[in-house]
Amino acid sequence: MLIVTGIIEVHPERVGSARSAVIRMMEETRREAGCILYEFSQQVEAPHRFRVYEEWTDEAALAAHAETSHMAAFREALGEIGVISRDIVKFQAGARTSL
Numbered sequence: 810m811l812i813v814t815g816i817i818e819v820h821p822e823r824v825g826s827a828r829s830a831v832i833r834m835m836e837e838t839r840r841e842a843g844c845i846l847y848e849f850s851q852q853v854e855a856p857h858r859f860r861v862y863e864e865w866t867d868e869a870a871l872a873a874h875a876e877t878s879h880m881a882a883f884r885e886a887l888g889e890i891g892v893i894s895r896d897i898v899k900f901q902a903g904a905r906t907s908l
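Here the sequence shown is numbered in the numbering used here, starting from 810 and rising by one per residue.
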């Protein structure tokens, strides 16, 4: 399993547009083969910062995700919105187990 996580920070005056783009992205991505979990959350103390958290079955599923039309539309939307910073990382994880 792969985990992708990080922060995307947008211009504060464009938060509403960012939320709309994020919601569309989540709806489309959750339908993809290999997507286990796909979420964005907005930070309470800094509403212009969004945390992304993704779980994918494997590298092939993540690579296919990167080539989707909704990913291209999301990248375009972020370009229009104006990203201040982006720090996204990927981890290889073992099997999911309950605590």
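Positions of the beta carbon are idealized from the N, C-alpha and C atoms, including for glycine.
Cβ contact annotation for M880 (same chain, cutoff 7 Å, sequence separation greater than five): H874, in chain order. Residue range 858-865 is occupied by the beta strand (DSSP E) that includes E863. When secondary structure is reduced to three states using DSSP, V824 falls in the helix class.
Taking a C-beta distance under 8 Å as the contact criterion, F883 and A830 qualify as a contact pair. Following the DSSP letters along the chain, one finds E885 inside the alpha helix (DSSP H) bounded by residues 878-890. Distance between D896 and S878, taken at the CA atoms: about 22 Å. S907 and D867 have their C-alpha atoms roughly 20 Å apart. Per DSSP, reduced to three states, the secondary structure at T906 is coil, with no helix or strand assignment. Residue range 868-875 is occupied by the alpha helix (DSSP H) that includes E868.
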